[in-house]
Amino acid sequence: MKIKLSIVDDNSFLTKAIKDKLSFFDDISIKWTAMDGSKALTHLEENHNLDIILMDIEMPVLNGIETTQIVKQKYPHIKIVMLTVFDNDENIFQAIQAGADGYLLKEVNPEDLHSGIIETLKGGAAMNPSIAMKTLKLLRNPTSIENLNDKEQISLSKREIEVLEQLSKGLSYTIIADHLFLSPSTVRKHIENIYKKLQVHSKIEAVQKAKKHNLI
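Numbering of the sequence shown is given in full-length UniProt numbering, commencing with residue 1 and proceeding in unit increments.
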């Protein structure tokens, strides 16, 4: 089965560069490309049979963060990896909050791009190391804990916390299932419940919120 992928970027030169990088791998089929978020949404309305989108952040009309939020609400099965030239904090945080599944810099080499795509589809999070470091820093000392009274409302079961802790190590569902002696479908169910309780749409967001509320 080929991986169905799309690229959303307003810079045609960079889109071509990404296409060239992916041309080395015959398990990837590029379905379409779009110059901005609203064009991407039009494509998806016609056909949302897609596995993953590589999404630029800075775009006219509808930027990558707004587009990610809409795509995640309408088509939660589609994974989104942000591609960016910047690794600045604010963008990382906003993209993660919007539900992005991973975050890579545009100058990523073909192998890392391909393995990032595969990792993301397996339920992991593709992340360039410098971005991962920044994200960790942000998680360790979030400048603002949104609302302290949110704290009381979130209660996860012991099992859910165990699953979330494993998830925060970047482990896949199957490995978590092995570690906790559960079936992968039970793990998936726990993760769905965790997302619901924490009101989040992605793994990174769930881990981030749980840490912020000292749940893990």
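Even glycine gets a Cβ: it sits at the ideal position worked out from N, Cα and C.
Which one or two residues does DSSP pair with residue i in a beta bridge?
i      : result
Met127 : Tyr103
Thr33  : Ile7
Val81  : Leu54, Gly102
Ile28  : Ile3
So is residue i buried or exposed if we call it buried at 16+ other beta carbons inside 10 Å?
i           : result
Asp56       : buried
Asn147      : Its pLDDT being 44, under 50, Asn147 is placed unreliably by the model, and the measurement read from it follows with that caveat. It is exposed - the Cβ of Asn147 has fewer than 16 other Cβ atoms within 10 Å.
Val85       : exposed
Lys189      : exposed
Gln208      : buried
Glu45       : exposed
Gln69       : buried
Asn91       : buried
Glu192      : exposed
Met1        : exposed
Asn49       : exposed
residue 223 : Lying outside 1 to 216, the shown extent of the chain, residue 223 is not represented and no answer is given.
For residue i, I'd like the list of residues in its chain whose CB is within less than 8 Å of its CB, leaving aside the five on either flank, ordered along the chain.
i      : result
Gly123 : Ser172, Tyr173, Lys203
Glu205 : Ile96, Gln97, Gly99, Leu198
Leu121 : Ile3, Asp51, Ile52, Lys79
Ile18  : Ile7, Asp9, Leu54, Leu83, Lys106, Leu113
Asn11  : Asp56
Ser29  : Lys2, Ile3, Lys4, Leu5
Pro76  : His201
Measure the beta-carbon distance from residue i to residue j and round it to whole angstroms, keeping in mind my assumption that it falls under 8 Å.
i      : j      : result
Gly116 : Thr67  : With a Cβ gap of about 19 Å, Gly116 and Thr67 do not count as contacting.
Leu14  : Lys106 : 6 Å
Ile216 : Ile176 : Not quite, the Cβ-Cβ distance comes to about 13 Å (not below 8 Å), so this is no contact.
Tyr103 : Met133 : With 8 Å as the limit, Tyr103 and Met133 do not qualify as a contact, their Cβ atoms being about 12 Å apart.
Lys31  : Leu5   : 7 Å
Leu156 : Ile131 : 27 Å between Cβ atoms; not a contact.
For residue i, I'd like the list of residues in its chain whose CB is within less than 7 Å of its CB, leaving aside the five on either flank, ordered along the chain.
i      : result
Gly170 : Gly124, Ala125
Leu62  : Asp36, Gly37, Ser38
Excluding five sequence neighbours on each side, which residues of the same chain lie with their C-beta closer than 6 Å to the C-beta of residue i?
i      : result
His201 : Lys72, Gly99
Met165 : A quick correction: the sequence has Glu, not Met, at residue 165. Taken in chain order, the residues that qualify are Ile216.
Stretch pair the region 22 to 42 + the region 105 to 119: three plus CB contacts closer than 8 Å: yes
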